[in-house]
């Protein structure tokens, strides 16, 4: 079984766990401690409040261990706030958190909770069918560099990208019934990594 962690400090943790439970070969684990981080094969950092999650990571002394595991190749996927936590640059916030992904992100780029919206997009890398996208006080990526691959743009803004074993999405696949992104993460990012270690 693949042990897929969901960072359980704040945000849409239960929703990600529910999605992962629908995928065979996956054992979802809520991650809160250093021991949890050391036990997993991959990690999802859920949407929520990036500043709050970042502060809790600091309070529990988890940032260095998480960054070390990610830099060593552990697959990671950040949704919404998780995208912000992965970024090396945050254009409208003076502080970064994990500093692992070559992206520059704008926090709350679409405004307040009232400016949340739904749309759909074709993302051939991820699915043959249109995928529903849910944005809630979402960030977007303003700039990428090195080997970051842009997966999709909405209204000209980058809202999903990948760099090797790291995936970042502005939107919340866990708030839909569509498993495309969770399946993509497992099949295209986690399994190849595990196979390379065997």
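Numbering (our numbering), first residue to last: -11 to 186. The beta-carbon is built from N, C-alpha and C at its ideal position, and this holds for glycine as well. Only a predicted model underlies this, so the values are computations on that prediction, with no experimental measurement involved.
If you draw a straight line from the alpha carbon of residue 147 to that of residue 80, how long is it in whole angstroms? In the chain shown, counting from the first residue as 1, residue 147 sits at position 159. In the chain shown, counting from the first residue as 1, residue 80 sits at position 92. Going from the Cα of residue 147 to the Cα of residue 80 covers about 17 Å.
Contacts around residue 71, its chain only, beta-carbon distance under 7 Å, and the 5 residues preceding and following it disregarded: On the chain shown, residue 71 is found 83 positions in, with the first residue counted as 1. So the list reads 93, 127, 156, 157, 158, once near-sequence residues are dropped.
Can you give the beta carbon distance from residue 64 to residue 174, rounded, assuming they're within the 8 Å contact cut? Here residue 64 refers to the residue found at position 76 when the chain shown is read from its first residue. Here residue 174 refers to the residue found at position 186 when the chain shown is read from its first residue. Not really, about 13 Å apart at Cβ, beyond 8 Å.
Tell me the rounded alpha-carbon separation between residue 177 and residue 12. Here residue 177 refers to the residue found at position 189 of the chain shown. Here residue 12 refers to the residue found at position 24 of the chain shown. Taking C-alpha positions only, residue 177 is separated from residue 12 by approximately 16 Å.
By DSSP, does residue 136 sit in helix, in strand, or in coil? What you label residue 136 is simply residue 148 of the chain shown in a count that begins at 1. Coil at residue 136, not helix or strand.
Distance, Cα to Cα, residue -8 vs residue 28? Here the question's residue -8 lines up with position 4 in the chain shown. Here the question's residue 28 lines up with position 40 in the chain shown. Distance between the alpha carbons of residue -8 and residue 28 is about 6 Å.
Applying the 10 Å Cβ sphere with the 16-neighbour rule, what's the burial state of residue -1? If you number the chain shown from 1, residue -1 lands on position 11. Under this definition residue -1 is a buried residue.
For residue -10, tell me which candidate among 23, 31, -4 has the shortest Cα-Cα distance. Residue mapping note: residue -10 aligns to position 2 of the chain shown, counting from 1. With distances taken between Cα atoms, residue -10 lies closest to 31.
C-alpha distance - residue 110 paired with residue 172, whole-angstrom precision: Taking the first residue of the chain shown as position 1, residue 110 is located at position 122. Taking the first residue of the chain shown as position 1, residue 172 is located at position 184. Cα to Cα, residue 110 sits roughly 14 Å from residue 172.
How is the alpha helix (DSSP H) around residue 58 delimited, first residue to last? Counting from one through the chain shown, the residue named residue 58 turns up at place 70. Per DSSP, residue 58 belongs to the alpha helix (DSSP H) from 51 to 59.
Quick check: what's the CA-CA separation for residue 107 versus residue 160? As a working note, residue 107 is residue 119 in the chain shown. As a working note, residue 160 is residue 172 in the chain shown. Their Cα atoms are separated by approximately 11 Å.
Per DSSP, residue -6 is paired with what? Residue numbering aside, residue -6 sits at position 6 when the chain shown is read from its first letter. Note: residue -6 sits in a beta bridge opposite 18, 32.
Neighbour-count burial assignment, residue -5, 16 or more Cβ in a 10 Å radius: On the chain shown, position 7 is the one that residue -5 refers to. Per the 10 Å Cβ criterion, buried.
Is residue 2 buried or exposed, if buried means 16 or more other CB atoms sit within 10 Å of its CB? The residue you call residue 2 lines up with position 14 of the chain shown. By the 10 Å Cβ count, residue 2 comes out exposed.
Take the Cβ of residue 185 as the centre, count every other Cβ of all protein chains shown within 10 Å, and call the residue buried at 16 or more, exposed below. On the chain shown, residue 185 is found 197 positions in, with the first residue counted as 1. It is exposed - the Cβ of residue 185 has fewer than 16 other Cβ atoms within 10 Å.
Decide if residue 16 is buried, meaning its Cβ has at least 16 other Cβ atoms within 10 Å, or exposed. Sequence index remark: in the chain shown, residue 16 carries index 28 (1-based). Buried: at least 16 other Cβ atoms inside 10 Å.
Thinking C-alpha only, which one of -3, 38, 7 is nearest residue 25? Stepping through the chain shown from its first residue, residue 25 is reached at position 37. The shortest C-alpha separation from residue 25 is found at -3.
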